[in-house]
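As structure tokens, the structure follows; a few thoughts come after it.
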Amino acid sequence: MKKIALFLLVILFCSAFYYLPKHYFSSPPECHALMVNGDELSANNQQQFRDLIRNQAPKKYRYFFQTFLEEGDQHYMITNFRSEDACFEVKVLVDKWDKLENMRRTNGKSYPEELYGLEWEIKSVNGEEEVVYVDMHKIID
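In our numbering, each residue's number is its place in the sequence shown (first place is 1) plus 225.
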């Protein structure tokens with residue numbers, strides 16, 4: 226009976242690794258910047274990046290926190306979107322601070338830079354198209 230319990234425990238332990246995100250076991254893709262010279266945060270470049278990600282699944286990218294930015298009454302999380310093909314900085318509008326409040330308070334200091342399970346959508350806000358934060362699973366240590 227003990228052998229069966231031990232066997233089941235080993236199977237359970239091993240199967241847990243199967244469900245962990247592959248990000249836990251792989252290095253981040255190298256950054257092949259789309260804009261080598263220029264301001265990635267300019268309105269023109271941000272529109273190009275929105276056009277690029279518009280029809281792509283969020284799971285195609287890995288996300289790396291850069292900083293927070295305030296523009297008027299809007300708050301953005303500057304995030305590096307990175308895939309095997311490219312990387313670029315996107316201004317992600319944040320109006321829901323539930324999982325980000327402590328990170329915001331310290332501007333990311335002492336937090337890991339990779340954001341796991343970042344969910345976003347592109348929508349119109351005050352007549353302007355924006356990449357908007359929806360949710361995030363957690364931050365990878």
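Yeah, the Cβ is synthetic: ideal placement off N, Cα and C, and Gly gets one too.
1) Runs of 3 residues minimum, wholly inside the stretch 290-363: which ones carry the beta strand (DSSP E) assignment?
2) Could you check the C-alpha separation between residue 441 and residue 312 for me, to the nearest Å?
3) Taking 7 angstroms as the line, does the beta carbon of residue 325 fall inside it for any heavy atom of the ligand MG?
4) Among the residues of its own chain, which have a CB less than 7 angstroms from the CB of residue 295, if the five just before and after it don't count?
5) Going by beta-carbon coordinates alone, are residue 265 and residue 314 separated by less than 8 angstroms?
6) If contact is defined by three or more beta carbon pairs under 8 angstroms, each pair taking one atom from either stretch, is the stretch 320-335 in contact with the stretch 273-285?
7) Determine the DSSP secondary structure at residue 275, reduced to helix, strand or coil.
8) Ignore the nearest five residues each way along the sequence and tell me which others in residue 300's own chain have a CB closer than 7 angstroms to its CB.
9) Spatial neighbours of residue 343 within its chain, please: CB distance less than 6 angstroms, with the 5 preceding and 5 following residues excluded, ordered by chain position.
10) Once you ignore the five residues that flank residue 346 on each side, which residues in its own chain have a CB closer than 6 angstroms to its CB?
With the structure as the only source:
1) Under the rule that a run must span 3 or more residues, the beta strand (DSSP E) segments found entirely inside the stretch 290-363 read 299-307, 312-318, 339-341, 344-350, 353-360.
2) Nothing can be reported for residue 441, as the shown portion of the chain is limited to 226 through 366.
3) The ligand content of the structure shown is nil, which means the ligand MG is not present either.
4) Around residue 295: no qualifying Cβ.
5) yes
6) no
7) helix
8) 293, 319
9) 288, 361
10) 357, 359
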